[in-house]
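Protein sequence lines, in the order shown, are assigned to chains S and Z. Residue 288 in UniProt numbering is what sits at position 288 of the first sequence, and the numbering runs on without skipping anything. Residue 139 in UniProt numbering is what sits at position 139 of the second sequence, and the numbering runs on without skipping anything.
Number of protein chains: 2
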Amino acid sequence: MNAEIIAVGSELLLGQIANTNAQFLSQQLAEMGTDVYRHRVVGDNASRLLDEIKEAETRADLVILTGGLGPTKDDLTKETIAQHLQLELVSHGPSLQAIEQFFVSANRVMTENNRKQALVLNGSDVFINHHGMAPGMLVTHNQTVFVLLPGPPREMKPMFQNDVVPKLLTIFGGGKPVRSRVLRFFGIGEAELESRIEELIDAQHNPTIAPLASDGEVMLRLSAKHENKKEAISMLDHTEQLINDVVGEYVYGKNDETLLLKAVSLLKEQQKTIAVAESLTAGLFASQIASVPGAGSTLLGGVVCYTNKVKHHLVGVPQDILDTHGAVSEACAIELASRIRTRLKSDIGISFTGVAGPEPLEGQPPGTVWIGLSFSDREPFAISLKLTGERNYNRIRTVKHGFFQLIRLLEKETSSS
Amino acid sequence: MNAEIIAVGSELLLGQIANTNAQFLSQQLAEMGTDVYRHRVVGDNASRLLDEIKEAETRADLVILTGGLGPTKDDLTKETIAQHLQLELVSHGPSLQAIEQFFVSANRVMTENNRKQALVLNGSDVFINHHGMAPGMLVTHNQTVFVLLPGPPREMKPMFQNDVVPKLLTIFGGGKPVRSRVLRFFGIGEAELESRIEELIDAQHNPTIAPLASDGEVMLRLSAKHENKKEAISMLDHTEQLINDVVGEYVYGKNDETLLLKAVSLLKEQQKTIAVAESLTAGLFASQIASVPGAGSTLLGGVVCYTNKVKHHLVGVPQDILDTHGAVSEACAIELASRIRTRLKSDIGISFTGVAGPEPLEGQPPGTVWIGLSFSDREPFAISLKLTGERNYNRIRTVKHGFFQLIRLLEKETSSS
Chain S
1 MNAEIIAVGS
11 ELLLGQIANT
21 NAQFLSQQLA
31 EMGTDVYRHR
41 VVGDNASRLL
51 DEIKEAETRA
61 DLVILTGGLG
71 PTKDDLTKET
81 IAQHLQLELV
91 SHGPSLQAIE
101 QFFVSANRVM
111 TENNRKQALV
121 LNGSDVFINH
131 HGMAPGMLVT
141 HNQTVFVLLP
151 GPPREMKPMF
161 QNDVVPKLLT
171 IFGGGKPVRS
181 RVLRFFGIGE
191 AELESRIEEL
201 IDAQHNPTIA
211 PLASDGEVML
221 RLSAKHENKK
231 EAISMLDHTE
241 QLINDVVGEY
251 VYGKNDETLL
261 LKAVSLLKEQ
271 QKTIAVAESL
281 TAGLFASQIA
291 SVPGAGSTLL
301 GGVVCYTNKV
311 KHHLVGVPQD
321 ILDTHGAVSE
331 ACAIELASRI
341 RTRLKSDIGI
351 SFTGVAGPEP
361 LEGQPPGTVW
371 IGLSFSDREP
381 FAISLKLTGE
391 RNYNRIRTVK
401 HGFFQLIRLL
411 EKETSSS
Chain Z
1 MNAEIIAVGS
11 ELLLGQIANT
21 NAQFLSQQLA
31 EMGTDVYRHR
41 VVGDNASRLL
51 DEIKEAETRA
61 DLVILTGGLG
71 PTKDDLTKET
81 IAQHLQLELV
91 SHGPSLQAIE
101 QFFVSANRVM
111 TENNRKQALV
121 LNGSDVFINH
131 HGMAPGMLVT
141 HNQTVFVLLP
151 GPPREMKPMF
161 QNDVVPKLLT
171 IFGGGKPVRS
181 RVLRFFGIGE
191 AELESRIEEL
201 IDAQHNPTIA
211 PLASDGEVML
221 RLSAKHENKK
231 EAISMLDHTE
241 QLINDVVGEY
251 VYGKNDETLL
261 LKAVSLLKEQ
271 QKTIAVAESL
281 TAGLFASQIA
291 SVPGAGSTLL
301 GGVVCYTNKV
311 KHHLVGVPQD
321 ILDTHGAVSE
331 ACAIELASRI
341 RTRLKSDIGI
351 SFTGVAGPEP
361 LEGQPPGTVW
371 IGLSFSDREP
381 FAISLKLTGE
391 RNYNRIRTVK
401 HGFFQLIRLL
411 EKETSSS
């Protein structure tokens with residue numbers, strides 16, 4: 001079983017937005033064992049859209065279209081599909097009600113063109129939009145399944161997960177499942193990783209081993225094909241062990257377990273609270289922790305200490321440390337981490353100070369960074385980074401290094417207790 | 001002149017990353033007046049890649065390929081192009097030197113497979129990679145221009161802007177340019193906006209008016225085709241005026257002037273400093289300001305006050321305000337904004353407190369938010385929002401509303417002074 005994803009919208013071709021929908025759907029389909037062979041993007045143009053639909057239906061079992069279901073004249077996905085499959089568009093009562101309700105609760109006036117959003121393909125399965133207005137649809141034609149989804153990610157994602165996936169599993173029930181597992185690495189480059197496990201990659205066909213790199217992190221995806229779930233899992237376990245024997249020191253997590261999620265879950269498990277003092281990252285680290293639901297049990301808060309005055313007055317870094325060593329220093333990072341910890345009475349204090357760029361600071365080049373760490377049961381310390389990217393790359397990398405350090409330290413706590 | 005963008009990499013089809021390269025390149029090409037008709041994504045598979053190349057070259061003047069230039073066995077873009085165009089791959093001295101230098105400066109060992117990255121298409125223009133290793137290439141065949149770029153965005157973007165754009169302008173010099181301008185709206189939905197300017201849209205062909213929606217913001221793109229630059233600009237000015245007459249109150253900026261960039265540029269212009277107190281946003285607002293180069297002249301810092309203790313002890317909100325009104329209240333938002341301003345001696349204090357979700361807080365539903373604002377020359381006040389999204393959507397929307405409020409207030413300062 002294989003799928004293609006067609007995104008519709010001139011805003012994509014004009015570069016106004018990235019096609020994050022295709023990313024999300026590809027992840028979901030991979031988990032279901034469905035191969036995605038192509039993504040395509042076309043503008044709000046009926047004839048080019050029709051070309052893509054015709055090409056896709058000759059090759060794919062499943063064609064997912066996102067976007068073009070809205071109220072405006074540019075939105076023509078369902079009109080194009082209706083014409084191609086010779087299906088009528090009919091008004092869908094529950095969707096119209098939901099749209100009217102949306103305007104009532106938002107205290108806004110419903111304009112006439114919004115009614116168009118309640119038109120659906122005759123005979124299709126209709127999915128009510130619980131986070132917006134345009135409903136989704138599924139219709140089968142000549143053994144190809146077409147799924148039409150709204151463009152905005154926050155409408156599309158829950159609709160796909162809650163309504164479309166169960167429907168697809170029913171329709172395509174018989175496929176031979178692929179189980180996959182992603183091993184996540186930090187601190188090793190893609191080429192070095194592949195070089196070190198070259199023999200393993202060459203020897204393996206099932207499971208396959210595929211290297212992936214993204215945003216300075218490297219991953220390996222192991223994929224096993226087997227009808228028996230237990231057997232597939234044991235094949236993955238075996239391959240994972242072979243990889244760990246060679247490069248296990250760089251592995252920090254699996255699957256969706258990002259550096260952020262791993263760090264927060266260790267904090268929660270160990271019931272530890274954390275306080276932050278952020279200079280160059282200016283709240284990015286704390287904000288990422290707060291993006292995880294339930295973060296309130298571990299994040300107490302902290303200080304965005306962008307200036308030396310704030311470092312001194314609000315965090316309590318002694319003025320002579322700032323005068324003697326400067327803000328971009330090991331000594332300052334240690335003071336920031338220790339003092340924010342004692343000031344907020346947290347178990348852990350972490351600090352970030354450095355030069356994001358593009359300009360040097362205190363005579364130090366962009367990319368010079370210190371991360372300070374203070375735990376109640378050990379001496380505070382700081383590590384240094386020499387980053388080579390642009391301003392926001394350096395800020396993001398700094399935050400990632402912070403989470404990586406935290407994971408390493410928290411894992412030691414687990415293993416020593 | 002028209003272009004197609006082909007991204008190569010199974011990590012895209014597996015949903016590991018989004019195709020942000022296509023977004024960036026589309027923006028750049030639109031600015032050059034080049035129409036992009038299609039984006040395509042294929043995996044690390046030579047035969048499917050070859051299909052895409054063959055299809056694209058029959059339609060497009062310019063075919064840009066991103067990804068698949070790396071050191072691993074999966075990387076086969078240039079091999080596929082070489083085979084299709086019957087060109088040899090030859091080692092490129094300066095690229096090999098740059099790659100060797102990269103390993104020396106990173107203090108890492110160069111593995112043999114990295115040499116592969118220095119192979120280039122014989123006879124092509126080669127672009128040295130200043131932010132990574134794999135060089136880019138440009139080669140013309142049967143009147144189609146092929147451009148090969150590395151996949152990582154931080155390598156691809158500067159290479160395209162600095163090296164590829166000038167080359168393309170030389171090659172395609174004669175085209176009829178499109179000038180476009182984006183008007184950015186906040187506080188009005190896409191359907192309502194289009195409905196209110198429907199007559200204008202129907203009447204206009206040059207400039208065209210296209211509505212775009214992204215992440216809760218709505219934009220209109222005006223595009224004028226004219227050989228004379230001055231004339232095109234005056235056509236855009238005229239259309240912009242017609243739109244402003246109807247819905248000008250919702251316009252906050254133009255082109256790349258996001259809410260963030262507009263707010264920061266007003267702060268800088270007016271030489272105002274700002275301090276923040278962030279509860280539900282937990283540093284997101286401050287961190288966004290700090291993402292703009294030179295933010296240090298306006299952002300002093302602030303407090304991430306995730307708990308009531310931190311609101312009281314570090315910001316100075318009176319305990320009886322927290323006991324009587326709760327943290328999610330107008331009174332608390334005003335205290336936070338006023339006290340962070342006086343504590344950090346800034347011109348402006350801004351605060352965010354509310355319920356991100358998914359759980360209610362203090363008996364108030366997710367999406368209940370207060371934004372406090374304190375300026376030295378006026379009474380502090382707070383506005384309330386009722387958001388309807390998920391946790392991180394609510395946090396991001398809150399930050400956007402914060403920037404919008406700031407823009408409105410700063411614009412009043414400008415007009416009253």
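Virtual Cβ for every residue (Gly too), placed ideally from N, Cα, C.
Looking at residue i: is its Cβ nearer than 7 Å to the Cβ of residue j?
{"i": "Z/Leu-69", "j": "Z/Ala-3", "result": "no"}
{"i": "S/Ser-291", "j": "Z/Gly-15", "result": "no"}
{"i": "Z/Leu-300", "j": "Z/Thr-273", "result": "yes"}
{"i": "Z/Val-303", "j": "S/Val-276", "result": "no"}
{"i": "Z/Ala-337", "j": "Z/Ser-279", "result": "no"}
{"i": "S/Tyr-250", "j": "S/Ile-201", "result": "no"}
{"i": "S/Ile-340", "j": "S/Gly-372", "result": "no"}
{"i": "S/Val-317", "j": "S/Thr-353", "result": "no"}
{"i": "S/Leu-148", "j": "S/Leu-65", "result": "yes"}
{"i": "Z/Pro-71", "j": "S/Ala-191", "result": "yes"}
Under the rule that 16 or more other beta-carbon atoms within 10 Å means buried, what is residue i, buried or exposed?
{"i": "S/Ala-118", "result": "buried"}
{"i": "Z/Arg-408", "result": "exposed"}
{"i": "S/Val-104", "result": "exposed"}
{"i": "S/Arg-221", "result": "buried"}
{"i": "Z/Arg-38", "result": "buried"}
{"i": "S/His-92", "result": "buried"}
{"i": "S/Asn-19", "result": "buried"}
I'd like to know if residue i contacts chain Z, where contact means its C-beta is closer than 7 Å to some C-beta of that chain.
{"i": "S/Asn-19", "result": "yes"}
{"i": "S/Cys-332", "result": "no"}
{"i": "S/Asn-392", "result": "yes"}
{"i": "S/Gly-132", "result": "no"}
{"i": "S/Ser-374", "result": "no"}
Residue i by DSSP, collapsed to three states: which one?
{"i": "Z/Ile-6", "result": "strand"}
{"i": "Z/Lys-386", "result": "strand"}
{"i": "Z/Val-304", "result": "strand"}
{"i": "S/Leu-76", "result": "coil"}
{"i": "S/Ser-223", "result": "strand"}
{"i": "Z/Thr-34", "result": "coil"}
{"i": "Z/Glu-359", "result": "coil"}
{"i": "Z/Ala-22", "result": "helix"}
{"i": "S/Asp-125", "result": "strand"}
{"i": "S/Lys-272", "result": "coil"}
{"i": "S/Met-156", "result": "helix"}
{"i": "S/Lys-54", "result": "helix"}
{"i": "Z/Thr-398", "result": "helix"}
{"i": "S/Gly-372", "result": "strand"}
{"i": "S/Ala-210", "result": "strand"}
Whole angstroms is fine: what's the gap from residue i's alpha carbon to residue j's?
{"i": "Z/Val-218", "j": "S/Ser-10", "result": "14 Å"}
{"i": "Z/Pro-207", "j": "Z/Asp-35", "result": "15 Å"}
{"i": "S/Gly-151", "j": "S/Phe-24", "result": "12 Å"}
{"i": "Z/Lys-345", "j": "Z/Leu-62", "result": "55 Å"}
{"i": "Z/Ile-243", "j": "S/Lys-78", "result": "29 Å"}
{"i": "S/Leu-89", "j": "Z/Tyr-393", "result": "33 Å"}
{"i": "Z/Asn-21", "j": "Z/Lys-309", "result": "44 Å"}
{"i": "Z/Glu-413", "j": "S/Arg-154", "result": "36 Å"}
{"i": "S/Ile-99", "j": "S/Gly-123", "result": "21 Å"}
{"i": "Z/Thr-388", "j": "Z/Lys-400", "result": "15 Å"}
When the cut-off is 7 Å and only beta carbons count, does residue i lie next to chain S?
{"i": "Z/Glu-194", "result": "yes"}
{"i": "Z/Thr-307", "result": "yes"}
{"i": "Z/Thr-170", "result": "no"}
{"i": "Z/Gly-326", "result": "no"}
{"i": "Z/Ala-56", "result": "no"}
{"i": "Z/Gly-287", "result": "Contrary to the premise, residue 287 of chain Z reads as Ser rather than Gly in this sequence. Chain S, which has a Cβ nearer than 7 Å to the Cβ of Z/Ser-287, makes this yes."}
So which residues on chain A does residue i lean against when the C-beta distance must stay under 8 Å?
{"i": "Z/His-205", "result": "In the displayed structure, chain A is absent; the protein chains listed are S and Z."}
Tell me whether residue i counts as near the ligand FMN, meaning its Cβ is closer than 6 Å to at least one heavy atom of that ligand.
{"i": "S/Leu-266", "result": "For the ligand FMN, the structure offers nothing, since it holds no ligand at all."}
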